[in-house]
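Under the working numbering, the first residue of the sequence shown is numbered 2, with each subsequent residue one higher.
Just so it is clear, CB atoms sit at the ideal spot from N, CA and C, and this is done for glycine as well.
Quick notes on the structure that follows.
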Amino acid sequence: MQRHFNDIHPHFKLQGFHYSLHELNDVAYSLIKEGDREERLIGDFLMDWISPREEIVVKTSGSTGRPKSISLKKQAMVNSALATGSYFGIRERSTALLCLSADHIAAKMMLVRAMVLGLSLDTVTPSSAPLAGISKQYDLCSMVPLQLEKSIRHLSKIGTILVGGAPIPGKLRDRLKGLETRIYETYGMTETCSHIAVRFVDGEKPQAQQGMSEHFHTLPGITVSSDDRGCLQIHAPELGLDNLKTNDLVSLVSETEFDWLGRWDNMINSGGVKLIPEQIEEKLRTVISGRFIISSKPDDTLGEKLILVLEGEGRTSDLLDKISGMRKLEKYEKPKEVYYLNHFPQSKSGKVKRDAIRKEILQ
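See the structure below:
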């Protein structure tokens with residue numbers, strides 16, 4: 002069903018109250034003038050949304066480069082909301098919780114879904130544990146992995162959770178066993194109006210043995226391909242994207258399924274062998290607890306020497322010996338040195354800033 006961005010669904014509610022397009026103007030004005038920082042951000046977005054302009058300016062996260070401002074067509078955002086509603090079978094009058102900052106695309110799109118699909122949306126101040134003080138049940142919620150981890154005891158309050166901003170760590174997946182809440186890892190970016198693909202997270206079984214495939218599945222109307230680097234290209238006419246090139250290394254399964262391998266920007270060339278840190282890190286999670294990354298430092302022989310950086314103080318003298326004995330690691334995947342940093346710099350969504358860590362190590 003085609004909808005225009007100014008068509009506010011008659012069943013849309015915000016904080017329990019119905020609002021028409023005209024009434025939203027008063028709500029937005031009140032939030033901007035009287036609200037706290039997060040309420041002002043919501044008010045600013047609503048004011049932009051109900052204006053006659055067909056585009057809206059949003060900021061990218063800056064997790065893979067400098068933050069920048071880009072323009073998104075409001076109709077593309079509406080189409081994205083409709084695709085999400087179709088994929089998950091979201092019905093009008095469903096309840097949703099907004100616990101992310103409206104400074105980011107994920108929160109903006111939750112507001113758009115509510116207005117387009119006719120959801121009853123409640124908002125709470127963003128925090129690392131947003132469900133701690135919640136007594137109601139909700140059908141839908143979006144979170145970053147840190148919020149998911151801090152909310153495990155309360156996840157029964159949510160029917161479906163969309164997780165984005167950063168990959169879900171393997172150890173967190175293990176803690177999701179036995180939960181009735183449906184949890185989906187999402188793939189997307191600001192340029193794609195939030196997620197364009199999702200995969201079901203089943204803590205009960207290894208991904209490859211799930212009833213639902215372990216691959217990312219694209220939303221309706223979206224197909225993918227890869228370029229000569231092996232990086233994902235997105236084809237989404239309804240989002241105004243003809244051939245969006247990314248720096249995400251993928252293994253294509255079909256034009257609607259793919260596996261995410263890592264970032265092309267992070268690839269390490271050691272002795273002529275191209276290594277993907279994210280893939281090595283996944284293998285190392287069985288022997289390392291806490292946060293860590295695979296990085297590199299200059300080397301006269303190899304060009305780049307593989308190193309392991311752990312968060313915290315030095316505490317594992319025999320770690321390299323353990324890693325050296327791991328059969329599932331290839332020869333070139335075994336780090337040569339171990340470094341420690343007290344605290345990893347990270348984005349607001351909890352994504353580790355690899356370049357900043359490497360620079361600090363090399364100083």
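- Query: Run through DSSP, which three-state label would Ser143 get?
  - Reply: In this structure, Ser143 counts as strand in the three-state DSSP scheme.
- Task: Take the Cβ of Leu58 as the centre, count every other Cβ of all protein chains shown within 10 Å, and call the residue buried at 16 or more, exposed below.
- Result: It should be noted that the sequence gives Val, not Leu, for residue 58. Answer is exposed; the Cβ neighbour count stays below 16.
- So which of Ser227, Met268 and Met190 has the shortest CA-CA distance to Val251? The candidate whose alpha carbon is nearest that of Val251 is Ser227.
- Message: Does the structure place the stretch 95-105 close enough to the stretch 138-152 that three or more beta carbon pairs sit under 8 Å?
- Response: At 8 Å Cβ cutoff, the stretches touch.
- For the beta strand (DSSP E) that contains Thr161, what are its first and last residues? First-last of the beta strand (DSSP E) with Thr161: Ile159 to Val164.
- Item | Three-state class that DSSP yields for Glu40 in the structure shown | Here Glu40 sits in helix by DSSP.
- By Cβ distance below 7 Å, which residues in the same chain neighbour Leu240 in space, the five residues on each side in sequence not counted? Answer for Leu240: Ala77, Asn80, Ser81, Thr193 and Cys194, listed in chain order.
- List the endpoints of the continuous beta strand (DSSP E) containing Arg183. Residues Arg183 to Met190.
- Which of helix, strand or coil does DSSP assign to Asn80? Asn80: helix per DSSP, three-state reduction.
- Message: Can you find the residues in the same chain that come closer than 7 Å, C-beta to C-beta, to Pro127, ignoring five residues on each side of it along the sequence?
- Response: Only residues of its own chain outside the window of five on either side were considered, and among them Glu39, Cys100, Leu101 and Ser102 have a CB closer than 7 Å to the CB of Pro127, listed in chain order.
- For Leu132 versus Ser152, is the C-beta spacing smaller than 7 Å? Yes. Within cutoff.
- According to DSSP, residues forming a beta bridge with Lys306: Residue pairing for Lys306: DSSP places it in a beta bridge opposite Lys298.
- Query: Per DSSP, Trp261 is paired with what?
  - Reply: DSSP lists Val251 as partners of Trp261.
- Nearest to Gly17 by CA position, among Asp123, Glu56, Ile71 and Asp229, is which residue? Closest by alpha carbon: Asp123.
- In whole angstroms, what separates the C-alpha of Ile106 from that of Lys337? Near 39 Å, if we compare the C-alpha coordinates of Lys337 and Ile106.
- Message: On the DSSP bridge list, what partners appear for Ala198?
- Response: Tyr188 and Thr219.
- Kindly indicate which residue of Gly273, Glu279 and Ile9 has the alpha-carbon position closest to the one of Leu330. Glu279 is the residue among Gly273, Glu279 and Ile9 whose C-alpha sits nearest the C-alpha of Leu330.
- For Ser226, which of helix, strand or coil comes out of DSSP? Per DSSP, reduced to three states, the secondary structure at Ser226 is strand.
- Message: Looking at Met144: is its Cβ nearer than 7 Å to the Cβ of Ile169?
- Response: Taking C-beta atoms as the reference points, Met144 and Ile169 fail to come closer than 7 Å.
- Spatial distance of Asp266 from Val225 (CA atoms): A direct Cα-to-Cα measurement between Asp266 and Val225 gives close to 20 Å.
- Does the count of Cβ pairs from the stretch 82-90 and the stretch 32-48 closer than 8 Å reach three? Judged by Cβ distances under 8 Å, the stretch 82-90 makes no contact with the stretch 32-48, as fewer than three pairs qualify.
- Just curious, the beta strand (DSSP E) that Gln234 is in, first and last residue? First-last of the beta strand (DSSP E) with Gln234: Cys232 to Ala237.
- Tell me whether the beta-carbon of Thr61 lies closer than 7 Å to the beta-carbon of Thr191. Closer than 7 Å, so yes.
- Collapsed DSSP secondary structure at Thr61 in the structure displayed: Three-state DSSP puts Thr61 in coil, outside helix and strand.
- Item | DSSP-derived helix/strand/coil call for Leu242 | The three-state secondary structure of Leu242, taken from DSSP, is strand.
- Item | Close-in-space but distant-in-sequence residues of the same chain around Val254 (CB under 6 Å, 5 per side omitted) | Close CB contacts of Val254 within its chain, under the 6 Å cut and outside five residues either way in sequence, are with His216 (chain order).
- Rounded straight-line distance, which links the Cα of Arg355 to that of Ile91: Going from the Cα of Ile91 to the Cα of Arg355 covers about 37 Å.
- Message: Can you tell me whether Gly212 is buried or exposed? The criterion is at least 16 other CB atoms within 10 Å of its CB, across all chains shown.
- Response: With a pLDDT of 38 at Gly212, under the threshold of 50, the modelled position of that residue is not reliable, and the figure given next carries that caveat. With fewer than 16 other CB atoms across the displayed protein chains lying within 10 angstroms of its CB, Gly212 is exposed.
- For my contact list, Gly166 and Lys352 are in at a C-beta cut-off of 8 Å; report their separation, rounded to the angstrom. The Cβ separation is near 6 Å, so the contact holds.
- Task: Using the Cα positions of Ile43 and Leu262, report the straight-line distance between them to the nearest angstrom.
- Result: Rounded to whole angstroms, Ile43 to Leu262 spans 34 Å at the Cα level.
- Is Lys151 near the ligand GDP, going by C-beta to nearest heavy atom under 6 Å? Among the ligands in the structure shown, none appear at all, so the ligand GDP cannot be discussed.
- Query: Can you tell me the Cα-Cα spacing of Arg200 and His218, whole angstroms?
  - Reply: Taking the straight line from one Cα to the other gives about 6 Å.
- Message: If contacts are defined as beta-carbon pairs under 8 Å, then Ile385 and Tyr188 qualify, I think. What distance do you get, rounded to the angstrom?
- Response: A question about residue 385 goes unanswered here, because the residues of the chain that appear run from 2 up to 364.
- Task: Sort Asp249, Ile269 and Asn270 by Cα distance to Asp260 and report the nearest one.
- Result: When each option's Cα is compared against that of Asp260, the closest is Asp249.
- Query: In three-state terms, what does DSSP make of Leu15?
  - Reply: Leu15: strand per DSSP, three-state reduction.
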